[in-house]
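Quick note: the sequence shown uses the working numbering, first residue 339, plus one each step.
Structure first, commentary second.
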Amino acid sequence: MAVTAHHVAASSTSLSRPETLTLLALSGASVAIIANTFHGDGEPLVASLALSILAFCLSYAMIRWLGPTFMKAGFRGRDLSKLNKIEIPECMGAVCAAVYLLTVIVFIPFPFYKDIVAATSGGGNRDVVLEVQEVNQGRFLHRFPHNKLASYLGAIIALQTIAFLGIGDDLFDIRWRHKWWIPGLASIPILVVYFVDFGVTSIVIPVQLQPYLGELFDLGALYYVYMACVAMFCPQSINMLAGINGIEVSQCVVVAILIAFNDCLYLLTPYPHPATDSHLFSLYLLLPWIGVSCALLYHNWYPAKVFVGDTYCYFSGMVFAVVGILGHFSKTLGLLLVPQIFNFLYSCPQIFGLVPCPRHRLPKFNARTGLLEPSVTPWSPERQPRPLVGQLLHLLAKLRLLQVTVDDKGAFVETSNFTILNLWLFVKGFTRNQSKPGDALIWLLFWNMFCRSTVLASLFADVISAASHGSSVKAKTDHETWFTQFEAITHSVVEYVPLLGTLYSVERAAISLREDDGPRYWQSLADAIESSVRDILIVQSWAEPIPVTLVHNMAESFTDRMIDIYHSWPHTPEVGIKRLLNRRYEHVIVAESQIGKSADEFFTGKAKGVYYFYGARYEGILKESLYAPKGEIIRLDIPRGFYNGAPIMFTWKWTEDASGARNRPEATHARIKMRPGTPMQFILRDRQGAGGWVGYDFWGEINSRDSITAYTMIDGKSIRIDFKKIEGAR
339 MAVTAHHVAA SSTSLSRPET LTLLALSGAS VAIIANTFHG DGEPLVASLA LSILAFCLSY
399 AMIRWLGPTF MKAGFRGRDL SKLNKIEIPE CMGAVCAAVY LLTVIVFIPF PFYKDIVAAT
459 SGGGNRDVVL EVQEVNQGRF LHRFPHNKLA SYLGAIIALQ TIAFLGIGDD LFDIRWRHKW
519 WIPGLASIPI LVVYFVDFGV TSIVIPVQLQ PYLGELFDLG ALYYVYMACV AMFCPQSINM
579 LAGINGIEVS QCVVVAILIA FNDCLYLLTP YPHPATDSHL FSLYLLLPWI GVSCALLYHN
639 WYPAKVFVGD TYCYFSGMVF AVVGILGHFS KTLGLLLVPQ IFNFLYSCPQ IFGLVPCPRH
699 RLPKFNARTG LLEPSVTPWS PERQPRPLVG QLLHLLAKLR LLQVTVDDKG AFVETSNFTI
759 LNLWLFVKGF TRNQSKPGDA LIWLLFWNMF CRSTVLASLF ADVISAASHG SSVKAKTDHE
819 TWFTQFEAIT HSVVEYVPLL GTLYSVERAA ISLREDDGPR YWQSLADAIE SSVRDILIVQ
879 SWAEPIPVTL VHNMAESFTD RMIDIYHSWP HTPEVGIKRL LNRRYEHVIV AESQIGKSAD
939 EFFTGKAKGV YYFYGARYEG ILKESLYAPK GEIIRLDIPR GFYNGAPIMF TWKWTEDASG
999 ARNRPEATHA RIKMRPGTPM QFILRDRQGA GGWVGYDFWG EINSRDSITA YTMIDGKSIR
1059 IDFKKIEGAR
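Shown next as structure tokens:
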């Protein structure tokens, strides 16, 4: 069909002089940083940041230049939310996907730069000829991290696959029933890489449920089904929350920035965190995506000059799925996607056919008023919802979650479509298009910052504790962070309702008094007074409830964390065997200065909560396929007893070693941390190896006085060690 001139966007495709100079300056600075990085120490994070800026510049220019080309090829659409429905280029997400893939491919040498240099004579020379017998005699060559490279290449293959499938959807307009399976096909490479490289199929049980379900629960093959569902949901959730200028890209930028912020928490530590490599991998993939998305957001913001197309929604969702799966923080990713999850659950009546679902459910533009209104689904007298569905619609209308129009006879005339954008318009009121993306973006930012508020408060408390004790600040593990945020969400529901927060605080004070927990009793009592004041401010409309609740949760999280830190200090006074401390705060275990009769009472079931392992020494066999293939003796020393904060040390040696030194000794010093609610289990914190090395992860369970089962994580593999007490040791 011919397109007349006045129907085509008249925006210029050439860059203005200020734009050209700005892009050239940014590009030149990025190239200089990349060149300096490559000729220096090869710092990959700096190189990734520079490449991300370069990707932004390239995407910005190519989106402008390729607009007319896409329109000639048929990739064009009309903006239904404008009075003048002109045609503008569509499927510009394909441009961002192409630039992004080029960027991450060019980036491959940087994270492996030091490994490449270490595998040569040191200056990049690859002319050294090795005799076959030399190679077979020992493992003195540098061990290249093929597993990391495999994960990176698997991520690239998955993203390339979803890009092709997304472009196919833009070309052939695939039906929704078939769209759901597209990301599942693209996720096969990362699932295969996960199976070959990591292979862990256990999930961490929340702390409160661990006494009943255990610490870990193995899903087996269902874990891969779960990850495939994550990979299918992420792209579709972005695609479903769409329909107005800038909303697709802005929500992706918000989620990506918050994931990057979460990754940085694991990097800002004096010693490497066990999850550092996983979160660096996440940053390497996220930074270029933030760069290309910001360039697209500039052109897609109201009034939009281009449309992103389904390719961008698929691709961005797959980026999040890849970093969540291969970075091993899929639960944290799910928390940041709660608005998208709510949108999916809210849309279920239309997705599953209970209510008719139109092709597009985006808000409706009223040309007479110039405002956006909720789009509606019409009902005819002949076609009415089923009785049960009708009751559900009336219930949602009473809860102000749905706009429902009925006639004099009570028959349904129309209902608003089930998307949170239409819900926002219904609750907040009709609005102009230019304010809609900003409102939605502010709402998304508030939600995500609220989810992060408790983590920030806890991190600040850790900083204060470290300063007072002269120790290092260590980031929380992923499951601890996730549960802290989940607990904050459920707590906020209570705090948001007047009077419930006060009753909750009074209840906590009563429990603390019964458990003889003085610090938490006074904290809960002060919280009850503060909650009463907050309720008065909200009821009298003297303050907005959302900011007040947010500040309250941050302050309460800070004080809770400080109390936990106080209880976990190593110098907690010892108590008698008949007085047990509260298990919730990990103070069940107390050690005396020497072994005695009470130890026998504990293991015969006559006493609880006291372990006596003063001066105990154990030995086990550590067998690792690369470094200790025949098995090596590992020694576990517990010099001062088994309690929270007690020192512990395990030593061993490697039979084979990557650096060429055989029988190299290793040692790791740490402190014991008991598992809450499960006093037989422990982990090690404040680990430190030789030369400032952070040491391996180490955790275990006490079977008896003479037997301890422990596990350690080496190169992403869990290794079991059965320790037996050395005869003659106390």
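C-beta: ideal position from N, C-alpha, C; glycine also.
(message) Tell me the rounded alpha-carbon separation between Ile-959 and Met-565.
(response) Looking at the backbone, the Cα of Ile-959 and that of Met-565 are separated by about 34 Å.
(request) Could you pull the start and end residues of the alpha helix (DSSP H) that Ile-585 belongs to? (result) Residues 585-603.
(request) Report the residue from Gly-1027, Ile-874, Glu-720 whose alpha carbon sits nearest the alpha carbon of Phe-1036. (result) Of the listed residues, the one whose Cα sits closest to Phe-1036 is Gly-1027.
(message) So for Ile-1064, helix, strand or coil by DSSP?
(response) Note: Ile-1064 maps to coil in three-state DSSP.
(request) Could you tell me the distance, in whole angstroms, from the CA atom of Ile-582 to the CA atom of Leu-700? (result) Approximately 7 Å, taken between the alpha carbons.
(message) With the cut-off set at 8 Å, would you say His-698 and Ser-616 are in Cβ contact?
(response) Judged by beta-carbon spacing, Ser-616 lies beyond the 8 Å limit of His-698, meaning their Cβ atoms are not closer than that value.
(request) Output yes or no for whether 8 Å exceeds the beta carbon distance between Ile-541 and Ile-595. (result) For Ile-541 and Ile-595, no; Cβs fall outside 8 Å.
(request) Please state if the CB of Ala-432 and the CB of Ile-505 are separated by a distance shorter than 8 Å. (result) Yes, the pair counts as a contact, with Cβ atoms nearer than the cut-off.
(request) To the nearest angstrom, report how far apart Leu-440 and Val-714 are at their CA atoms. (result) The alpha-carbon atoms of Leu-440 and Val-714 are separated by roughly 42 Å.
(message) Between Ser-489, Cys-429, Lys-410, which has its C-alpha nearest Pro-449's C-alpha?
(response) Nearest to Pro-449 by C-alpha distance, out of Ser-489, Cys-429, Lys-410, is Ser-489.
(message) Does the contact criterion of 3 or more C-beta pairs under 8 Å hold for the region 722-735 versus the region 641-654?
(response) Between the region 722-735 and the region 641-654 there are fewer than three C-beta pairs closer than 8 Å, too few to call the two in contact.
(message) Can you list, in chain order, the residues of its chain with a C-beta nearer than 6 Å to that of Asn-485? Leave out the 5 residues immediately preceding and following it.
(response) Once the five neighbours on either side are set aside, the close Cβ partners of Asn-485 are Asp-535.
(request) May I ask you to report which of helix, strand or coil DSSP gives Phe-703? (result) Strand, per DSSP.
(message) Whether or not the region 419-429 and the region 584-603 are in contact is what I'm after, with contact meaning three or more pairs of Cβ atoms, one per stretch, closer than 8 Å; do they touch?
(response) Touching, no.
(message) Strictly by DSSP, which residues pair up with Ala-1048?
(response) In the DSSP assignment, Ala-1048 forms a beta bridge with Gly-1038, Ile-1059.
(request) Indicate whether the contact test is met: 3 or more Cβ pairs, each with one atom in the region 548-563 and one in the region 684-692, closer than 8 Å. (result) No, the region 548-563 does not touch the region 684-692.
(request) Under 7 Å Cβ to Cβ from Trp-403, same chain only, skipping five residues before and after it: list those, please. (result) Cβ within range, chain order: Thr-351.
(message) Rounded to the nearest angstrom, what separates His-1007 and Cys-567 at their Cα positions?
(response) If you draw a straight line from the Cα of His-1007 to the Cα of Cys-567, it comes to about 41 Å.
(request) Note down, in chain order, each residue of its chain lying with its Cβ closer than 8 Å to the Cβ of Phe-445, except the 5 sequence neighbours on either side. (result) Taken in chain order, the residues that qualify are Pro-382, Ala-385, Ser-386, Leu-389, Tyr-622, Pro-626.
(request) Would you list the residues sitting across from Asp-556 in a DSSP beta bridge? (result) According to the DSSP secondary-structure assignment, Asp-556 is paired through a beta bridge with Ser-540.
(message) Can you look up Arg-414 in the DSSP assignment and give me helix, strand or coil?
(response) For Arg-414, the three-state secondary structure derived from DSSP is strand.
(message) If you reduce the DSSP assignment to three classes, tell me which class Ala-795 lands in.
(response) A caution first: Ala-795 carries a pLDDT of 42, below 50, which makes its placement in the model too unreliable to give a value.
(request) Compare the beta carbon distance of Arg-1025 and Ala-984 with 8 Å and say whether it is the shorter of the two. (result) Against a cut-off of 8 Å, the Cβ pair of Ala-984 and Arg-1025 comes out as no contact.
(request) State the DSSP-derived secondary structure class of Gly-958, mapped to helix, strand or coil. (result) Correct three-state label for Gly-958: strand.
(message) Using 8 Å as the threshold, is the C-beta distance between Met-578 and Asn-681 below it?
(response) Yes, the pair counts as a contact, with Cβ atoms nearer than the cut-off.
(request) Check whether the Cβ atoms of Ile-1040 and Thr-1050 sit closer than 8 Å, and answer yes or no. (result) Taking 8 Å as the Cβ cut-off, Ile-1040 and Thr-1050 do not qualify as a contacting pair.
(message) Using only CA atoms, which one of Leu-664, Leu-605, Gly-522, Leu-603 lies nearest to Gly-537?
(response) Comparing Cα-Cα distances from Gly-537 to each of Leu-664, Leu-605, Gly-522, Leu-603, the minimum goes to Leu-664.
(message) What does the alpha-carbon distance come out to for the pair Ala-866 and Ile-849?
(response) The straight-line gap from Cα to Cα measures roughly 14 Å.
(message) Taking only three categories from DSSP, how would you classify Pro-712?
(response) Here DSSP, grouped into helix, strand and coil, assigns Pro-712 to coil.
(message) I need the straight-line Cα distance from Ser-419 to Ala-642, nearest angstrom please.
(response) Cα-Cα distance, rounded: 10 Å.
(request) Pick out whichever of Trp-990, Ile-976, Arg-955 has its Cα sitting closest to the Cα of Glu-970. (result) Ranking Trp-990, Ile-976, Arg-955 by Cα distance to Glu-970 puts Trp-990 first.
(message) Can you give me the C-alpha to C-alpha distance between Lys-1062 and Ile-1052, rounded to a whole angstrom?
(response) The C-alpha of Ile-1052 is placed about 22 Å away from the C-alpha of Lys-1062.
(request) Could you tell me which of Asp-975, Leu-964, Thr-1047, Pro-719 sits nearest to Ala-1005, measuring between CA atoms? (result) Taking only the C-alpha atoms, the option nearest Ala-1005 is Asp-975.
(request) With distances taken Cα to Cα, identify the nearest neighbour of Ala-613 among Gly-662, Tyr-636, Phe-658. (result) Measuring from the Cα of Ala-613, the nearest candidate turns out to be Gly-662.
(request) Starting from Ser-754, follow its DSSP beta bridges and name the residues at the other end. (result) Answer by DSSP bridge pairing, in chain order: Val-714.
(request) With a threshold of 16 other CB atoms inside 10 Å of the CB of Ala-367, please say whether the residue is buried or exposed. (result) Counting Cβ neighbours within 10 Å, Ala-367 comes out exposed, since fewer than 16 surround it.
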